[in-house]
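Below you'll find the structure, written out as structure tokens, and then a few comments.
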Amino acid sequence: SAHVESDLINILFTEEQIQAKLQEMADRIAADYEGQDLLMVGVLRGAVMVMADLSRSLGRHVEMDWMAVSSYGSGTKSSGVVRILKDLDTDISGRHVLVVDEIIDTGLTLSWLISNLSSRNPASVEIATLLRKPEALSMPVEPKYVGWDIPNEFVVGYGLDYKERYRNLRDIGTLAPHVYS
Ligand code: PRP
Ligand code: MG
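Counting from 1, position 78 in the sequence shown corresponds to residue 80 in full-length UniProt numbering; the numbering is continuous, with no gaps.
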């Protein structure tokens, strides 16, 4: 369909639920980093929506920077190859870094990113993710802030894409079968 909303068959989380969850996470983050400077690092492209809403829910000063990585070394994610497409513009040495992503699936992206960022001598590195798929996790990733654990099914919306579409949905859900055929 030309109308983006009508391809969702099952809404897992509505815009209202997402915003409420992000506010809860933001309150925890604001309390944990009270009195400290904070640099949020968003992982392009999926984390754009979470970064925008989580950062605005903080109610405090925060710096933002972005990284883009590719986990398609030889075609598939399972190759385990990650490379930097766009690095930070910020020197994170001595900084408190909070990596923000919208989903942890296999954990490949963030396990690699955390070890990469850790080698730059930050004061701390933690992860905030809106979603996590515990059944799919195959790399060691321990996010401090998790919105929801979800089953291992393909979800779109709020930054999550299928063939680069559906990122601009306000809700998160599963796609109708006709979309895949
Ligand atoms: C997706 C998603 C996460 C990552 C999670 O990004 O946004 O960053 O995959 O999967 P993983 O835990 O198995 O690594 P993707 O690399 O597809 O790029 P995108 O953010 O541009 O959509
Ligand atoms: Mg991503």
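Virtual Cβ for every residue (Gly too), placed ideally from N, Cα, C.
Everything numeric in this text was worked out from a predicted model, so none of it was measured.
Where does residue i sit, in a helix, a strand or coil, going by DSSP?
i: A32; result: helix
i: A70; result: strand
i: A130; result: strand
i: M27; result: helix
i: T111; result: helix
For the alpha helix (DSSP H) that contains residue i, what are its first and last residues?
i: Y51; result: Sequence check: residue 51 is Met here, not Tyr. It spans V50 to S59 - the alpha helix (DSSP H) in which M51 sits, taken as one unbroken run.
i: V83; result: No alpha helix (DSSP H) holds V83; DSSP gives it neither H nor E.
i: T16; result: No alpha helix (DSSP H) contains T16, which DSSP labels as neither H nor E.
Starting from residue i, follow its DSSP beta bridges and name the residues at the other end.
i: H98; result: S126
i: L177; result: L10
i: Y164; result: R167
First and last residue of the beta strand (DSSP E) that includes residue i?
i: G44; result: L41 to L46
i: G149; result: Y147 to D151
Quick check: the stretch 35-55 against the stretch 92-105, are at least 3 beta-carbon pairs closer than 8 Å?
yes
Do the stretch 58-74 and the stretch 10-18 meet, that is, are 3 or more Cβ pairs less than 8 Å apart?
no
Do the stretch 159-169 and the stretch 117-131 make contact, defined as three or more Cβ pairs closer than 8 Å?
no
Take every Cβ of the stretch 82-102, pair it with every Cβ of the stretch 37-50, and state whether three or more of those distances are shorter than 8 Å.
yes
Within the chosen definition, does the stretch 133-149 reach the stretch 118-125 through at least 3 CB pairs nearer than 8 Å?
no
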